[in-house]
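To convert, note that position 219 of the sequence shown is 219 in the UniProt record's numbering; the numbers rise steadily by one, no gaps. Ideal Cβ placement from N, Cα and C applies to all residues, glycine included. If you're wondering where the values come from, they're calculated on a predicted model, not measured in any experiment. Okay, structure first, notes after.
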Amino acid sequence: MADEIPLFPKATSMFVHTGNIINWNRLKRKLNQTSTEEVCDCIGTSLSNYLASVDKTELQYVTQLYRVNTENVEVFEDGEREEVKVTVKIFVCTSQSTAVIAEAVEKVLSELRTTYVETLLLAVSPPSDEEESEQSSVNLDLIKQYWEAMELLVSQDKVLSLGICDLNKEALEELYKWAKVKPTVNQVNLESCCVMPKDLTEFAKATNIQLLTHNDKPVFIPKERLQETIQQVSTERDSEAWTPHWVLRYSGILKCRGIIKMKGYIFHAMRDHKKKLM
């Protein structure tokens, strides 16, 4: 209800780490769930658990909502790291500083207690909430700015290889020729491309770029969907003016067996109180 007393009226930042969601029994039972539905379910559950665990009076003065599901966080034990290939995909949800790349990667390194990840994939949301199907509309100038930040992580040995999402042949070729660290992966959404274009497959083969598929939405978490998720576990006033900034999804696969050992989300959102008051 709109007249409910908000639980966290001063909060302007939200940080959530789901931990290894493979261990979440309630998520295992949900079939045909999209990745957007999955991450929103994780955010809602994590936020609900957080709100149930904190003092309600203190919560009135909290400016940052910080929840790590420590009971589900799976870290690497001694000697185990080399057996697992870790892939990280960062969704940049709104136009922002390239510092977001290092911020997100440092978070996952810290949370998993590792010094590096094998692959870092970049997905940049379109400039509006309209899901653009035209791959040519991708802002390559913006992607290049983020790519330089990713290349720096490679030079620091924090990332071993880089990948991009949803580039057609022309855009992928331009990025490839420009980049110091060449992309080794291009993830393609099969909703917009039922069959891989011949020119894309030929270029990828010639440059040793792996073409993979995914089913993530161009706008990974619409702000309206995030606000709805927050409202379900709090109040309408608590849900107002939140905007997703970035989402990081990580997965760890046992190299020798091809089995997924871990999968989780790290999520960051901000709230503009000025917009809230408008």
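Within 10 angstroms of its Cβ, does W178 collect 16 or more other Cβ (buried), or is it exposed?
exposed
Have a look at L59 and N186 and give me their C-alpha separation to the nearest angstrom.
Each residue's alpha carbon lies about 43 Å from the other.
C-alpha distance - A241 paired with Q227, whole-angstrom precision:
8 Å
Expected contact under 8 Å - CB spacing of E77 and K255 to nearest Å:
Not a contact, Cβ separation roughly 16 Å.
Just curious, the beta strand (DSSP E) that residue 279 is in, first and last residue?
Summary: the structure shown does not reach residue 279, with the chain confined to residues 1 through 278, and so no result is reported for it.
Buried/exposed call for residue 291, threshold 16 Cβ in 10 Å:
This structure leaves residue 291 out entirely; the chain is present only between 1 and 278.
Which of the three DSSP states is assigned to K85 in this structure?
strand
Nearest candidate by alpha-carbon position, reference A269, set L7, P9, F15
F15
Taking the runs of the beta strand (DSSP E) that are 3 residues or longer, which of them lie wholly in the stretch 33-75?
64-68
Closest to E106 by C-alpha separation, out of C93, S95, Q96, L120, would be which residue?
L120
When the Cα of T57 is compared with those of I5, K205, Y250, which residue comes out closest?
I5
Put L167 into one of helix, strand or coil per three-state DSSP.
coil
Limits of the unbroken beta strand (DSSP E) element including T184:
183-189
Which residues in the same chain as H17 place their Cβ atom closer than 6 Å to its Cβ, once the five residues preceding and following it in sequence are excluded?
Result list for H17: V68, E111, I266, in chain order.
Beta-carbon contacts of N189 that lie in its chain and below 8 Å, excluding the five residues immediately before and after
C165, D166, T213, H214, N215, D216, P218
Should V75 be labelled buried (16 or more other beta-carbon atoms within 10 Å of its own) or exposed?
exposed
Give a yes or no on whether the C-beta atoms belonging to L162 and V181 are separated by under 8 Å.
yes
Is DSSP giving M1 helix, strand or coil here?
The predicted model places M1 with a pLDDT of 40, which falls under 50 and marks its position as unreliable; any figure quoted below should be read in that light. The DSSP-derived three-state label of M1 is coil.
Residue interval of the beta strand (DSSP E) (run including R249)
242-254
Less than 8 Å between the beta carbons of I259 and L47, yes or no?
Cβ atoms of I259 and L47: not closer than 8 Å.
On the three-state DSSP scale, how would you describe L162?
strand
When you compare only the Cα positions, how much space is there between S95 and I143?
C-alpha separation (whole angstroms): 11 Å.
For the alpha helix (DSSP H) holding F203, just list the boundary residues, first then last.
198-207
Return yes when the Cβ of V247 is within less than 8 Å of the Cβ of I221, no when it is not.
yes
Pull up the DSSP beta-bridge partners for A269, would you.
M14, P244
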